[in-house]
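Enquirer: What follows is a single structure, and I will ask about it in a moment.
Number of protein chains: 2
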Amino acid sequence: MTELALRARKLDASDELAELRSRFVLDDVVYLDGNSLGALPANVPDRLQDVVRRQWGELRIRSWDESGWWTAPERIGDRIAPLVGAAKGQIVVGDSTSVNVFKALVAAVRMAGDARDEILVDATTFPTDGYIAESAARMTGRTLRPVAPGEVRDALTDRTAAVLLNHVDYRTGRLHDLPALTAAIHASGALAVWDLCHSAGALPVGLDEHGVDLAVGCTYKYLNGGPGSPAYLYVRKELQDRFDSPLPGWNSHAEPFGMSPAYTPAPGALRGRVGTPDILSMLALEAALEIWDDVSITAVRAKSLALTDFFLECVAACTEPGRVESLTPEAHDERGSQVALRCADAGKVMKRLIERGVVGDFRHPDVLRFGFTPLYVGFGEVERAAWVLGEVLG
Amino acid sequence: MTELALRARKLDASDELAELRSRFVLDDVVYLDGNSLGALPANVPDRLQDVVRRQWGELRIRSWDESGWWTAPERIGDRIAPLVGAAKGQIVVGDSTSVNVFKALVAAVRMAGDARDEILVDATTFPTDGYIAESAARMTGRTLRPVAPGEVRDALTDRTAAVLLNHVDYRTGRLHDLPALTAAIHASGALAVWDLCHSAGALPVGLDEHGVDLAVGCTYKYLNGGPGSPAYLYVRKELQDRFDSPLPGWNSHAEPFGMSPAYTPAPGALRGRVGTPDILSMLALEAALEIWDDVSITAVRAKSLALTDFFLECVAACTEPGRVESLTPEAHDERGSQVALRCADAGKVMKRLIERGVVGDFRHPDVLRFGFTPLYVGFGEVERAAWVLGEVLG
Numbered sequence: 289m290t291e292l293a294l295r296a297r298k299l300d301a302s303d304e305l306a307e308l309r310s311r312f313v314l315d316d317v318v319y320l321d322g323n324s325l326g327a328l329p330a331n332v333p334d335r336l337q338d339v340v341r342r343q344w345g346e347l348r349i350r351s352w353d354e355s356g357w358w359t360a361p362e363r364i365g366d367r368i369a370p371l372v373g374a375a376k377g378q379i380v381v382g383d384s385t386s387v388n389v390f391k392a393l394v395a396a397v398r399m400a401g402d403a404r405d406e407i408l409v410d411a412t413t414f415p416t417d418g419y420i421a422e423s424a425a426r427m428t429g430r431t432l433r434p435v436a437p438g439e440v441r442d443a444l445t446d447r448t449a450a451v452l453l454n455h456v457d458y459r460t461g462r463l464h465d466l467p468a469l470t471a472a473i474h475a476s477g478a479l480a481v482w483d484l485c486h487s488a489g490a491l492p493v494g495l496d497e498h499g500v501d502l503a504v505g506c507t508y509k510y511l512n513g514g515p516g517s518p519a520y521l522y523v524r525k526e527l528q529d530r531f532d533s534p535l536p537g538w539n540s541h542a543e544p545f546g547m548s549p550a551y552t553p554a555p556g557a558l559r560g561r562v563g564t565p566d567i568l569s570m571l572a573l574e575a576a577l578e579i580w581d582d583v584s585i586t587a588v589r590a591k592s593l594a595l596t597d598f599f600l601e602c603v604a605a606c607t608e609p610g611r612v613e614s615l616t617p618e619a620h621d622e623r624g625s626q627v628a629l630r631c632a633d634a635g636k637v638m639k640r641l642i643e644r645g646v647v648g649d650f651r652h653p654d655v656l657r658f659g660f661t662p663l664y665v666g667f668g669e670v671e672r673a674a675w676v677l678g679e680v681l682g
Numbered sequence: 289m290t291e292l293a294l295r296a297r298k299l300d301a302s303d304e305l306a307e308l309r310s311r312f313v314l315d316d317v318v319y320l321d322g323n324s325l326g327a328l329p330a331n332v333p334d335r336l337q338d339v340v341r342r343q344w345g346e347l348r349i350r351s352w353d354e355s356g357w358w359t360a361p362e363r364i365g366d367r368i369a370p371l372v373g374a375a376k377g378q379i380v381v382g383d384s385t386s387v388n389v390f391k392a393l394v395a396a397v398r399m400a401g402d403a404r405d406e407i408l409v410d411a412t413t414f415p416t417d418g419y420i421a422e423s424a425a426r427m428t429g430r431t432l433r434p435v436a437p438g439e440v441r442d443a444l445t446d447r448t449a450a451v452l453l454n455h456v457d458y459r460t461g462r463l464h465d466l467p468a469l470t471a472a473i474h475a476s477g478a479l480a481v482w483d484l485c486h487s488a489g490a491l492p493v494g495l496d497e498h499g500v501d502l503a504v505g506c507t508y509k510y511l512n513g514g515p516g517s518p519a520y521l522y523v524r525k526e527l528q529d530r531f532d533s534p535l536p537g538w539n540s541h542a543e544p545f546g547m548s549p550a551y552t553p554a555p556g557a558l559r560g561r562v563g564t565p566d567i568l569s570m571l572a573l574e575a576a577l578e579i580w581d582d583v584s585i586t587a588v589r590a591k592s593l594a595l596t597d598f599f600l601e602c603v604a605a606c607t608e609p610g611r612v613e614s615l616t617p618e619a620h621d622e623r624g625s626q627v628a629l630r631c632a633d634a635g636k637v638m639k640r641l642i643e644r645g646v647v648g649d650f651r652h653p654d655v656l657r658f659g660f661t662p663l664y665v666g667f668g669e670v671e672r673a674a675w676v677l678g679e680v681l682g
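Chains L and E are the protein sequences, given in the same order.
At position 32 of the first sequence (counting the first as 1) the number is 320 in this note's numbering, and the numbers step up by one without a gap.
At position 384 of the second sequence (counting the first as 1) the number is 672 in this note's numbering, and the numbers step up by one without a gap.
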């Protein structure tokens with residue numbers, strides 16, 4: 289056994305989160321793609337069978353009340369809240385991340401007022417945020433300016449209405465400084481909208497503590513909600529009364545069953561709802577979130593950093609110098625829960641890794657991306673992944 | 289046995305669709321609320337278990353390709369297509385009805401051009417369509433004018449950009465004349481957007497035949513997709529190249545995995561996609577739609593009319609004259625697949641009906657609503673429902 293394998297064994301033995309792995313359905317594949325699709329929580333299949341067979345099949349329409357379907361978006365939002373540092377009553381679940389970006393950004397621009405005519409968007413963002421921001425700008429008569437997160441401070445002016453930023457860069461895994469950037473945005477009088485897709489469930493976010501205005505995120509990565517599970521929208525309590533949705537569907541009405549032709553928005557977070565919630569996916573997500581009941585996000589963050597540190601060390605030991613280059617920052621306060629390695633022929637390399645039981649993903653044009661979900665990835669797997677990578681790279 | 293009960297027995301015996309009932313999970317409740325939430329198709333629970341346990345649990349991320357997750361929105365759209373009279377390649381499934389109304393109406397207004405500055409909306413519509421239309425008007429700088437469907441012809445001018453209409457009124461069950469109204473809208477140079485929530489799966493729609501421009505609908509009523517299952521968007525083939533979405537998420541990009549910061553819309557119907565599709569709900573819907581493989585929508589319509597005719601006849605025979613008043617048109621070509629009865633104390637009456645095993649729903653302020661899903665409702669149940677109603681009304 290190599291020194292690294294021995295180290296991995298020790299790290300696994302002292303890992304206080306190690307037993308959480310049993311809450312997921314896993315096999316001997318080294319699954320480092322939980323930042324794209326989280327693994328299946330073991331309690332989801334039976335829960336979903338109950339939702340389908342009993343709640344839908346037997347109670348049918350009665351389940352909207354009796355099984356709590358109607359209130360699921362805000363109830364499940366309250367389950368996500370502690371994971372992102374939010375008090376209850378500020379998050380609703382529903383729709384896709386893209387749709388929530390649209391709601392959040394249009395609402396932010398409206399709150400900022402007509403004198404502020406520019407939106408800043410993270411130029412390094414996952415593309416959909418940029419596309420949707422372009423539409424939000426077009427439809428609110430604002431100008432969109434893409435800037436790298438490091439340039440946001442210099443780009444802020446008294447014309448800035450809102451800034452849409454990613455907490456963690458989907459490609460490089462770089463963690464942006466949410467507290468400092470939010471403070472800078474506020475100092476300029478603009479609103480801060482954060483995309484938490486690649487941070488929620490992997491590290492503390494502190495939405496309330498840092499005064500974030502609006503935030504969105506998906507639930508199928510580190511929250512393990514299932515393929516395409518509903519996204520969420522956070523609206524800070526103090527702003528909820530001014531949240532003016534571009535998608536004022538009947539679910540956000542103060543009296544949804546009053547069937548009034550006039551729209552009167554509901555109070556609170558549920559103003560962010562739109563249409564009928566997608567119950568099957570939503571209740572699978574609810575079961576998936578129960579895994580977190582006794583889990584500390586601080587402990588998750590500590591393990592996440594230990595995993596990525598160890599992976600970088602193992603990769604350095606297992607590969608020829610210069611064969612791969614890490615795009616992921618060394619500094620802990622700049623690192624999310626993934627490692628991105630630039631590598632020649634990355635597409636082919638990832639294919640061979642997957643054939644050998646190490647699943648990450650490839651991001652065009654030359655990036656191997658490995659996500660580390662602290663709830664179910666162990667140090668032994670990390671060592672094995674690096675070792676297989678070394679073999680594949682020859 | 290009464291004469292009506294005997295008639296019901298004969299009608300059931302000669303019902304060529306009677307055996308379809310075995311494709312659903314039903315009990316001895318008379319379920320007349322399929323126009324709100326369709327019953328559970330018998331093949332859905334096992335399918336969903338396979339999706340969860342094998343596709344998600346074992347294949348994980350590979351399922352986006354290997355299990356056909358990525359192409360589900362257009363594949364399932366093609367399954368809905370024949371039910372609404374559309375050739376393939378014009379429907380995508382995803383998002384809620386409200387979100388699809390927004391996409392369709394904004395896109396329609398953009399196609400109509402800047403000189404047309406007014407949107408007409410069905411004043412009798414399910415409220416969400418009106419709320420969303422108001423937002424679409426506000427965000428495209430148009431004026432919204434609510435008009436009753438019967439007044440649309442007179443309201444059309446050369447300023448009309450688009451008209452949003454319901455095919456069947458959710459409250460009264462009135463079927464509007466889609467061919468004639470669409471022709472009138474086209475004659476004025478405007479675009480016709482139809483909401484098919486209460487018609488798709490209950491009667492022939494003929495989208496292609498009648499030249500409808502855009503249409504939306506839910507899938508959890510007569511299509512039995514499950515609570516809050518994803519809605520769909522139809523964009524007529526000739527208009528797809530001009531479909532300019534207000535929600536241009538990455539799933540509608542010509543190269544979604546190219547990760548380009550510049551948005552280039554995909555060709556065809558998938559331009560109507562937005563974010564990551566909600567796979568669990570979507571594949572439950574796909575299973576539910578397989579029920580229709582050998583079912584003729586013409587036969588469904590014939591049975592639907594026979595059911596509502598018979599219900600009206602039974603209600604007349606079982607209740608005191610004047611105790612209830614039908615809001616549903618007598619004429620077949622003006623009737624959807626539901627019967628709405630105005631009734632004093634309708635809320636209490638519906639509660640007592642439900643206690644006695646007859647499930648319809650109550651619509652504020654005074655409407656008893658009964659939906660007739662021809663795939664699983666029989667004539668004996670219709671007779672029983674009317675008989676129980678007579679008893680409840682005393």
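C-beta: ideal position from N, C-alpha, C; glycine also.
I'd like the ranges of any alpha helix (DSSP H) spanning at least 4 consecutive residues and lying wholly in the stretch 310–339 of chain E.
Expert: Qualifying alpha helix (DSSP H) stretches, in chain order: 332–338.
Enquirer: Which of the residues in the stretch 414–433 of chain L, read from start to end, lie with their CB under 8 angstroms from any CB of chain E?
Expert: Taking 8 angstroms as the Cβ-Cβ cut-off against chain E, the residues of the stretch 414–433 of chain L that qualify are Phe414, Pro415, Thr416, Gly418, Tyr419, Ile420, Glu422, Ser423, Met427, Thr428.
Enquirer: Does any residue of chain E bring its CB to less than 9 angstroms from the CB of glycine 514 of chain L?
Expert: True, the Cβ-Cβ gap to chain E drops below 9 angstroms.
Enquirer: With C-beta atoms as the reference, is proline 536 of chain E less than 9 angstroms away from proline 553 of chain E?
Expert: Cβ distance < 9 angstroms, so proline 536 of chain E and proline 553 of chain E count as in contact.
Enquirer: How about cysteine 506 of chain E and serine 384 of chain E: do their beta carbons lie closer than 9 angstroms?
Expert: Result yes, Cβ atoms of cysteine 506 of chain E and serine 384 of chain E sit closer than 9 angstroms.
Enquirer: What residues match up with tyrosine 522 of chain E in a beta bridge as DSSP calls it?
Expert: DSSP lists E:Ile379, E:Ala503 as partners of tyrosine 522 of chain E.
Enquirer: How about aspartate 465 of chain E and threonine 413 of chain E: do their beta carbons lie closer than 9 angstroms?
Expert: Result no, Cβ atoms of aspartate 465 of chain E and threonine 413 of chain E do not sit closer than 9 angstroms.
Enquirer: Under 7 angstroms Cβ-Cβ, which residues of chain E neighbour serine 569 of chain L?
Expert: Per Cβ cutoff of 7 angstroms: Asp566, Leu568, Ser569.
Enquirer: In whole angstroms, what is the alpha-carbon distance linking arginine 561 of chain L and alanine 374 of chain L?
Expert: Going from the Cα of arginine 561 of chain L to the Cα of alanine 374 of chain L covers about 18 angstroms.
Enquirer: Listed from N- to C-terminal order along the chain, which residues in the stretch 541–568 of chain L have their beta-carbon within a distance smaller than 8 angstroms of any beta-carbon of chain E?
Expert: Those would be His541, Phe545, Gly546, Met547, Ser548, Pro549, Tyr551, Val562, Gly563, Thr564, Pro565, Asp566, Ile567, Leu568, in chain order.
Enquirer: DSSP three-state label for tryptophan 352 of chain E, please.
Expert: Tryptophan 352 of chain E: helix per DSSP, three-state reduction.
Enquirer: Excluding the 5 residues preceding and the 5 following alanine 369 of chain L in the sequence, name in chain order all residues of the same chain whose CB lies nearer than 7 angstroms to its CB.
Expert: Closer than 7 angstroms at the Cβ level, and outside the excluded window around alanine 369 of chain L, lie Ala375, Lys376, Gln378, Ile379.
Enquirer: Is serine 423 of chain L helix, strand or coil when you go by DSSP?
Expert: Three-state DSSP puts serine 423 of chain L in a helix.
Enquirer: Considering isoleucine 579 of chain E, what are the terminal residues of the beta strand (DSSP E) in which it resides?
Expert: No beta strand (DSSP E) holds isoleucine 579 of chain E; DSSP gives it neither H nor E.
Enquirer: If I measure Cβ to Cβ from aspartate 303 of chain L and keep anything under 8 angstroms in the same chain, skipping five residues before and after, which residues do I get?
Expert: If we look at aspartate 303 of chain L and ignore the five residues flanking it on each side, its Cβ neighbours are Lys591, Gly666, Phe667.
Enquirer: Can you tell me whether phenylalanine 660 of chain E is helix, strand or coil according to DSSP?
Expert: Coil.
Enquirer: Should alanine 658 of chain E be flagged as near chain L, meaning a C-beta pair shorter than 9 angstroms?
Expert: Rather than alanine, the amino acid found at residue 658 of chain E in this sequence is phenylalanine. No, no contact with chain L.
Enquirer: Going along chain E, which residues have a C-beta under 8 angstroms from arginine 651 of chain L?
Expert: What arginine 651 of chain L touches in chain E: Met547.
Enquirer: Can you tell me whether glutamate 669 of chain L is buried or exposed, with buried defined as 16 or more other CB within 10 angstroms of its CB?
Expert: Glutamate 669 of chain L comes out buried.
Enquirer: Quick one: which chain L residues come within Cβ less than 8 angstroms of tryptophan 344 of chain E?
Expert: Per Cβ cutoff of 8 angstroms: Leu325, Leu328, Gly514, Pro515.
Enquirer: Quick one: does threonine 385 of chain L have its CB under 9 angstroms from some CB of chain E?
Expert: Yes, because at least one Cβ of chain E sits closer than 9 angstroms to the Cβ of threonine 385 of chain L.
Enquirer: Counting only C-beta atoms, is leucine 336 of chain L closer than 9 angstroms to chain E at any point?
Expert: Taking Cβ atoms only, chain E reaches closer than 9 angstroms to leucine 336 of chain L, which makes this a yes.
Enquirer: Taking the straight line between their C-alpha atoms, what separation do you get for valine 637 of chain E and histidine 652 of chain E?
Expert: Going by the C-alpha atoms only, they are around 13 angstroms apart.
Enquirer: Taking the straight line between their C-alpha atoms, what separation do you get for methionine 547 of chain E and proline 415 of chain L?
Expert: If you take the alpha carbons of methionine 547 of chain E and proline 415 of chain L, they lie about 6 angstroms apart.
Enquirer: When you compare the CB of aspartate 633 of chain L with every CB in chain E, is at least one pair closer than 9 angstroms?
Expert: Output row for aspartate 633 of chain L: interface = no.
Enquirer: If we define contact as Cβ-Cβ less than 9 angstroms, is leucine 677 of chain E a contact residue for chain L?
Expert: Closer than 9 angstroms: no.
Enquirer: Quick one, which of E:Asp442, E:Asp446, E:Asp417, E:Phe390 has its alpha-carbon nearest alanine 400 of chain E's?
Expert: The shortest Cα separation from alanine 400 of chain E among E:Asp442, E:Asp446, E:Asp417, E:Phe390 belongs to E:Asp446.
Enquirer: Between leucine 535 of chain L and chain E, is the shortest Cβ-Cβ distance under 9 angstroms, so that the two count as touching?
Expert: Yes, contact with chain E.
Enquirer: Return the chain-ordered list of same chain residues with a C-beta closer than 7 angstroms to the C-beta of leucine 495 of chain L, the five sequence neighbours on each side being excluded.
Expert: Counting only Cβ-Cβ distances below 7 angstroms, and skipping sequence neighbours, we find Val372, Gly373, Ala374, Ala503, Tyr522.
Enquirer: When you compare the CB of alanine 396 of chain L with every CB in chain E, is at least one pair closer than 9 angstroms?
Expert: Not one chain E Cβ lies under 9 angstroms of alanine 396 of chain L.
Enquirer: Report the partner residues of arginine 363 of chain L according to the DSSP bridge assignment.
Expert: DSSP, once it has assigned bridges, lists no residue as partnering arginine 363 of chain L.
Enquirer: Are the CB atoms of proline 518 of chain L and valine 394 of chain L within a distance shorter than 9 angstroms?
Expert: Going by C-beta atoms, valine 394 of chain L is not nearer than 9 angstroms to proline 518 of chain L.
Enquirer: Taking all protein chains shown into account, do 16 or more other C-beta atoms lie within 10 angstroms of the C-beta of methionine 427 of chain E, making it buried, or fewer, making it exposed?
Expert: Methionine 427 of chain E comes out buried.
Enquirer: Does alanine 628 of chain E get closer than 9 angstroms to chain L when you measure Cβ to Cβ?
Expert: No, its Cβ sits nowhere closer than 9 angstroms to a Cβ of chain L.
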